[in-house]
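Number of protein chains: 2
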Amino acid sequence: MGVQVSEIDYYSLHGMWGAYASFAIGRIGQGAGVVIGNVQPPERGLFVGYRRGRELPRLLPFVPNRKVGLSADSYVDPTTPARPNLPPPEYRFFEPKEIERVVSFSGETWNAGLLSMSVFSFFGEIPDPTTSDPVSSRAFLRPAVYVKLSFDNSKGAEGLVGIFGMQGIRRCLSDGKQGTLLGFAHGTDWGFATLPGKGIDEVMDWQVIDAAFDANRPLRRLASEGALRFNVGAGEKREYVIAIAVYRDGVITAGRRTHGYHTSLFHDLEDVLECALENAGEGLAKARALDTELDRSSLSEDRKFLLAHGVHSYCANTELLLAENGEAVFVVNEGEYQMMNTLDLTVDQAFFELRYSPWTLRNELDNFLLHSSYNDAYGLAFSHDQGVADCFSPAGSSAYELPKLSECFSYMSFEETLNWGLSACLYLHSTEDRSWYEAHREVFGQLVSSIRSRDKNSDGIMDTDSDRCASGAEITTYDSLDVSLGQARNNLYLGVKTWGILVSLASLFSQFEKENPSWASAAQEGAELAAETLVSHFIEEEGYIPAVFENGNRSKIIPAIEGLAYPFLCGAASAVQETGPYGKLIQTLKKHLQTVLVPEVCLDPISGGWKLSSTSRNTWLSKIFLNQFVAEEILGIRDERTQRDGVHALWLRQGSAQWAATDQVDSRDGRDLGSRLYPRLVTSILWLKSTGNSSRTFHRDR
Amino acid sequence: MGVQVSEIDYYSLHGMWGAYASFAIGRIGQGAGVVIGNVQPPERGLFVGYRRGRELPRLLPFVPNRKVGLSADSYVDPTTPARPNLPPPEYRFFEPKEIERVVSFSGETWNAGLLSMSVFSFFGEIPDPTTSDPVSSRAFLRPAVYVKLSFDNSKGAEGLVGIFGMQGIRRCLSDGKQGTLLGFAHGTDWGFATLPGKGIDEVMDWQVIDAAFDANRPLRRLASEGALRFNVGAGEKREYVIAIAVYRDGVITAGRRTHGYHTSLFHDLEDVLECALENAGEGLAKARALDTELDRSSLSEDRKFLLAHGVHSYCANTELLLAENGEAVFVVNEGEYQMMNTLDLTVDQAFFELRYSPWTLRNELDNFLLHSSYNDAYGLAFSHDQGVADCFSPAGSSAYELPKLSECFSYMSFEETLNWGLSACLYLHSTEDRSWYEAHREVFGQLVSSIRSRDKNSDGIMDTDSDRCASGAEITTYDSLDVSLGQARNNLYLGVKTWGILVSLASLFSQFEKENPSWASAAQEGAELAAETLVSHFIEEEGYIPAVFENGNRSKIIPAIEGLAYPFLCGAASAVQETGPYGKLIQTLKKHLQTVLVPEVCLDPISGGWKLSSTSRNTWLSKIFLNQFVAEEILGIRDERTQRDGVHALWLRQGSAQWAATDQVDSRDGRDLGSRLYPRLVTSILWLKSTGNSSRTFHRDR
């Protein structure tokens, strides 16, 4: 099963949950392998292939023409006749047309000739380690992925030699563990291994391909290429399980001193590898269950691909840390930008985390309150992020925001304040964690007050920039789009989001603040003002609301509807019904969407994909997915206009093939414009209906 | 003072003693900066320069045309008009002809225009931290170097802005330390800083050169370029001290779990930087004393350069570790090869370590005994090395040696056994550490027995390869030279070295084993046999001893005399006198040297430099220095034949300019042939007579 893709030449990041590490693979002729503390695929070779009898060896095309480490040349006088240099190894890569690439929820599979290589990196739910016993945490927080490699020599008359190897390794694992592991590692930080078995051995050489297939050479311990070699007899089909793991020792963050959480559960890299291999049955069973769930879902093949691809990159960006005070700190890093816990991503990733690790969302909310909140002239506000590249920013500040700007890198005080509140509402509605609410009760009061105090003319819409901007102006998460989505003041997208949070808070307060009905009514009052204003900006004759209520802006944007998601998912589903208390707003936004969701406006005239704004070709996949969800599930528009997923999948597999996964692309051809290697595309989880398989049922209101 | 060099375009490694880290600098148009856990200079820009008034900024030429990290482009839709991209900064590099490079014992100085930048990396003696108090150890084991930067605006009518900055940083230090440090760091592992002062501030930007000179921009915390900016008023000359430091947290070695020793003395990178800056006066005074010592020595300018350059690279390769059992483990890494404690380097570096850190030599000897000794069919023997790239090899094995070879990568069992013994003799004679001898007494007995049992025909010369070689044959440290120096059996170089160790041991035993005179006589008997055989191979009519006593070999080699160093330095100076007990051997070797030290034989006909072997153009600087010492100090040949240092210095500054320092070069032009970025060139310390400045007087016998 899984989704067989027609375009196979694109990168995937197989993230190791919580380790800020991944196994990157996928571009033809480019590097593949392990990356730690970042998400940029390494320029190192991955050796996967086989030789049958004396035929020419065949390899998957993941070996760039690049030497890693020294070669034998460096040790031997190049002028002496005794040079041990060998001719370059002879082999042939599989041609793309000989290769089948199949994507699944848990990973992916490459089939070529007699080999099949499956990668398993996503295993679903992660329980809170601070309330779990360490033994079970080892199963969930093991920074490892699996590779299942099979060689089908059942029709072979001669033996077959298969290999799995990497460039950049510096030691063999059999040295250290008296044969309990076979494999290779780079220092203390990454490696791959299998359990010993008949016909399996280690090969380490200047040219490991050559050494593996052509010779019986001793381990060249100075070399930087190592491979596991598998001997498959004539008539046999064999399958091998390999673990790829990382270990990040010591204090790994600045600003706040933290260790990788996994170092509290595992002694070293070998411990991670052994644990993974000894429990491979359990790990692979989890992967299988996820794959079955996605296979059986009603999603189209394109949506299955988009969801799986996004999830793998999300995991690659996750980082669970252990602070010196014993607290766990969860961070999602921001793809190529490496910003830590960017709050305008947190709110989009909340849907995913509530399904698989609701405690991480709570952890992020707590961390933001403690380290990234501040009070400006208008009350409580939140910073854009918590730092960059494993360097935490000082309390109350971000790595991103600067004063005196009105575009990219300006403050997002208002939107981040909404984002914290929305994430909190999602968390509380989903988990019913009343004690957490009680502990943060006053923050919710401050939240309403802060939101409303930024609306000077009391029309329900933010119209006042934070004084932190100095002479500049606030922006939104759509920082690199044009003004239609970039300016925060009097912004349609933020207006609906403001309405959404006030409705959600009103619903929350009606449940948790029964004694203080004024809380709910203050929120509701704000929501009503906002709804009224939003509707009032509807241009009847043209059927849409302009993106910004200033300067005669006439941009048409899809994310006008984005904010409807929150009442729907926070226990106020009636608020988003056309016949509900905000029916007029809902009807208006539905009309708006119908107006804009046409070619030349918000459907790209060339590709047919979704354009978030009529005035920009820069479009964002994570937001497309979220808005598709709103269009289909809330506004009931589910037809060929909302089902452009084939285009969107192509954007990722072709236009942005170099980056897994890219959020910002050109709506014409999917060319990457920013936000590469990004975690945010997991908004697509909203497409996946809850099943009994998952212990959390998030979409409780449907 | 110092040595002003005419060729300025070559790399130097300013090693941080014990941290396996350095500040690399020197090639025009190439990268400069910090490297950790290796010795390859980084491809990152170093920004050092100034702008006077509105003149075009001038920079030292250490900024390769290479972007490190993301640029503003990555954040902003490239199609929008609002791109914040700036034109490339305008500045002009100093031309080589405008630059003065001056090398000193402790570091070096670059003068250009109004700026002067001095680097201080070598501070002399390192006391044993396991017997010192931690506070004083912090002064010696601080993984930091200093840069003293001065800007002379004394004739300026306008203000001058100076900068010192690097690519690759990710955070500013003022964030973390409330202004007690100004500077920048890359995560937790490296950074540079100065103490706050008037007119000093931090600049962090996509284009830090531009931002530093042309604008007053806020810190762009997402950027990867940072610089300290110094404002120097009109008519002022100012000097600033900057510390560059590293911190390697966690377990950093595999095979044996160890931490960087400095992590037991320092809390984090900031602690190292603060400690360095607060004690800059003391650190710089030590550097000054060393510089004065070298300046005042009788060495030629070329020898001063060769010594200083070698010492800096040696420090770059040193690594002091703390094992989990609390023991310190000292490692010298082997340059580009990264092998750990290569024993045939240890013996050459012993001269240097006995002067500045005799306890590290003892530590290496202990470690070799415990982890790298073995018994083959002929008795005690030692492995070539202890691992590679921070990965320790299993006990009794090396990363280098393989069976069934007769050339590079074969075993060096015999030579390494000599090397351990010679290093031990040097250590014992220099330190008179009788208790260490007592603790290892039986090893010395095994040593004599092992040496003699490898001489089947009892002529005093090794003629039997270790059974570890299987069908192969032992080699010598000169592994990549031709057979004249490569083959161990019946080898002239090893023969004299064998004689040297037996004489040294006899001298040692006569002191420490007075009760057991048979020990000294067994050693002496072997020495006499060896001397007789060596002399017997002298070809009277041609005036030399052939390099190998097999297969009609007729190579002429300089290192025939190398082994004379040991008796001379181990309390048996009379043994190397022409009138002494081994007068015949000494006279013969002197004749040999006079025969070979002529053009076309062991003086290169083109360059005039020393060729170790008449039959190879591959020549090794570390060994040249050692043999020069023997020729001059022991054999009394000190004339233009032994003073080809100008040629040798050019080899390092021109032929091997890319590598600091290269050991194996082509004798014609100094082109690097191997052993790049090497620690071994500190054999040149033998040239430097002891002075009262040094607490250890090593050459006690002169």
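So the protein sequences, as listed, match chains A and B. Residues in the first sequence are numbered consecutively from 1, following the numbering used here. Residues in the second sequence are numbered consecutively from 703, following the numbering used here. Ideal Cβ placement from N, Cα and C applies to all residues, glycine included. None of these values were measured; they are calculated from a predicted model.
* To do: Give a yes or no on whether 8 Å exceeds the smallest Cβ distance from C1110 of chain B to chain A.
  => yes
* Asked: Taking C-beta to C-beta, are E158 of chain A and G49 of chain A nearer than 8 Å?
  -> no
* V503 of chain A to N767 of chain B span [Cα, whole Å] -> 54 Å
* So is I954 of chain B in contact with chain A if we call contact Cβ pairs under 8 Å? -> For I954 of chain B, a Cβ of chain A is located within less than 8 Å of the residue's own Cβ.
* Got a sec? Which residues, its chain only, sit under 7 Å from L967 of chain B by beta carbon, not counting five neighbours each side? -> P836, S839, R840, L843
* To do: Locate the beta strand (DSSP E) running through T194 of chain A, then write down its first and last residues.
  => That run of the beta strand (DSSP E) goes 190 to 194.
* Provide the residue(s) that pair with T342 of chain A in DSSP beta bridges, ordered along the chain. => None, per the DSSP bridge assignment.
* So, helix, strand or coil for D639 of chain A, using DSSP? -> coil
* To do: Note down, in chain order, all residues in the region 915 to 931 of chain B with a beta-carbon under 9 Å from any beta-carbon belonging to chain A.
  => R919, P920, L921, R922, R923, L924, S926
* Step through the CB atoms of chain D and report whether any lies within less than 8 Å of the CB of L70 of chain A. => Looking for chain D here will not work: the only protein chains present are A and B.
* To do: Please name the residue, chosen from A:R221, A:R288, A:G636, A:W190, that lies closest to D175 of chain A on a Cα-to-Cα basis.
  => A:R221
* Asked: Closest by CA to H339 of chain A, which one among A:G37, A:F47, A:G69?
  -> At residue 339 of chain A the sequence reads Met, which differs from the His that was named. The shortest Cα separation from M339 of chain A among A:G37, A:F47, A:G69 belongs to A:G37.
* Asked: From F1327 of chain B to S1369 of chain B, what distance separates their C-alpha atoms?
  -> Within the model, the alpha-carbon separation for F1327 of chain B versus S1369 of chain B is close to 14 Å.
* How about A399 of chain A: is its C-beta nearer than 8 Å to some C-beta of chain B? -> yes
* Report the neighbours of D1050 of chain B on chain A: residues whose CB is nearer than 8 Å to its CB, in chain order. => Neighbours of D1050 of chain B on chain A: none; closest Cβ ~18 Å, over 8 Å.
* **Nonlocal neighbours in the same chain, by C-beta distance under 7 Å from L485 of chain A, ignoring five residues either side** => When the five nearest sequence neighbours on each side are left out, the beta carbons in the same chain lying within less than 7 Å of the beta carbon of L485 of chain A are those of T476, Y478, Y493, A547, I557, P559, L612, S613, in order along the chain.
* **Residues, ordered as in the chain, of the region 1355 to 1371 of chain B that lie near chain A by beta-carbon distance below 8 Å** => Q1366, D1368
* Asked: Quick one: Cα of L921 of chain B to Cα of S410 of chain A, how far?
  -> 13 Å
* To do: Output the boundary residues of the alpha helix (DSSP H) element that contains G651 of chain B.
  => Outside the shown range of chain B, which is 703 to 1404, sits residue 651 of chain B, and nothing can be said about it.
* Hey, how far is the Cα of L369 of chain A from the Cα of A473 of chain A? -> 24 Å
* Let me know the secondary structure DSSP gives A112 of chain A once reduced to three states. => In the three-state reduction of the DSSP assignment, A112 of chain A falls in the strand class, which pools E and B.
* Proximal residues of chain A, C-beta to C-beta of A1091 of chain B below 7 Å -> R170, G187
* Check each residue of the region 1314 to 1334 of chain B: if its Cβ is closer than 8 Å to any Cβ of chain A, include it; give the result in chain order. => The region 1314 to 1334 of chain B vs chain A, Cβ under 8 Å: S1318, R1319, N1320.
* Put L862 of chain B into one of helix, strand or coil per three-state DSSP. => strand
* Exposure of Q1088 of chain B, with buried meaning 16 or more beta-carbon neighbours within 10 Å -> buried
* Taking 8 Å as the CB-CB cut-off, is E1038 of chain B touching chain A? -> yes
* Assign L46 of chain A to buried or exposed, taking buried as 16 or more other Cβ atoms, counted over all protein chains shown, within 10 Å of its Cβ. => buried
* Asked: Going by beta carbon distance, what residues of the same chain come within less than 6 Å of L597 of chain A, once the five residues before and after it are set aside?
  -> R641
* Which bits of chain A does S776 of chain B rub up against, with CB to CB less than 7 Å? -> Neighbours of S776 of chain B in chain A, taken as residues whose beta carbon is under 7 Å from its own, are E336, G674 in chain order.
* Asked: Just to confirm, are L1009 of chain B and L1390 of chain B a CB contact at a threshold of 8 Å?
  -> yes
* K1286 of chain B lies in the alpha helix (DSSP H); which residues open and close that run? -> 1285 to 1298
* Between the region 674 to 681 of chain A and the region 970 to 978 of chain B, do three or more beta carbon pairs fall short of 8 Å? -> At 8 Å Cβ cutoff, the stretches do not touch.
* Taking Cβ positions only, does L843 of chain B come closer than 8 Å to chain A? -> no
* Which word fits Q880 of chain B, buried or exposed, when buried means at least 16 other C-beta atoms lie within 10 angstroms of its C-beta? -> Classification of Q880 of chain B: exposed, given that the 10 Å Cβ count is below 16.
* Could you give the DSSP three-state label for S714 of chain B: helix, strand or coil? => strand
* Asked: How many Å lie between S834 of chain B and D249 of chain A at the Cα?
  -> 28 Å
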